Every structure is written in C-alpha cells, then in structure tokens.
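Below is one structure, written out as structure tokens, with a few remarks after it.
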Amino acid sequence: MDTTKPWWQSKTLWGALVTIVAAALGFAGIDLADTERETLTEMLTSLGAAVGGLIALIGRISARSRIG
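Here the sequence shown stands for residues 0 to 67, numbered as in numbering that gives the first Met the number 0.
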C-alpha cells in the first residue's frame, strides 16, 4: 500500500467499530443481521467522508492565507 487516506474513510475501521457495537448489543440481547451490519458500515463510511469534507471546507474558509 503506497497511498494514504484519512482514518474516517476506512471501511475496515468502520467495520471493526460496527462489529464491536454489534457484539455489545448481542450481550444486551439485541441481534444485528449481517446485512444490517453491512448497511451500517456503509452509512458510517459515508457520514465520515461527509464530515471530513465539511471540516476541510470550514478550514479553507477560515484559513488566513491563500492557496498558492
């Protein structure tokens, strides 16, 4: 792997978090199906990318120097 990306765009990271949450819910007696886990992972990945884009946009608007 030669390229990098922000952490919030990692499907592996979000998948791991969903798995941890699903396990915790399982202990509480709530079960998530595999399709629900996949859907939740995709939604969180998209949300993470949207939040990252918003942060980048706000950072550019509030920046004190021009892009050269």
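Note that beta-carbon positions come from the ideal geometry of N, C-alpha and C, so glycine has one too.
The structure displayed is predicted, hence computed values, not measured ones.
Delimiting residues of the alpha helix (DSSP H) encompassing residue i
{"i": "residue 28", "result": "Taken as a continuous stretch (DSSP letters only), residue 28 belongs to no alpha helix (DSSP H), as it is neither H nor E."}
{"i": "residue 61", "result": "33-61"}
Contacts around residue i, its chain only, beta-carbon distance under 6 Å, and the 5 residues preceding and following it disregarded
{"i": "residue 5", "result": "51"}
{"i": "residue 17", "result": "36, 39 and 40"}
Whole-angstrom distance between residue j and residue i, CA atom to CA atom
{"i": "residue 21", "j": "residue 60", "result": "38 Å"}
8 Å Cβ shell around residue i - same chain, five flanking residues per side excluded
{"i": "residue 48", "result": "7 and 8"}
Inter-stretch contact (C-beta, 8 Å, three-pair minimum) for the region 1-19 and the region 30-42: These segments touch.
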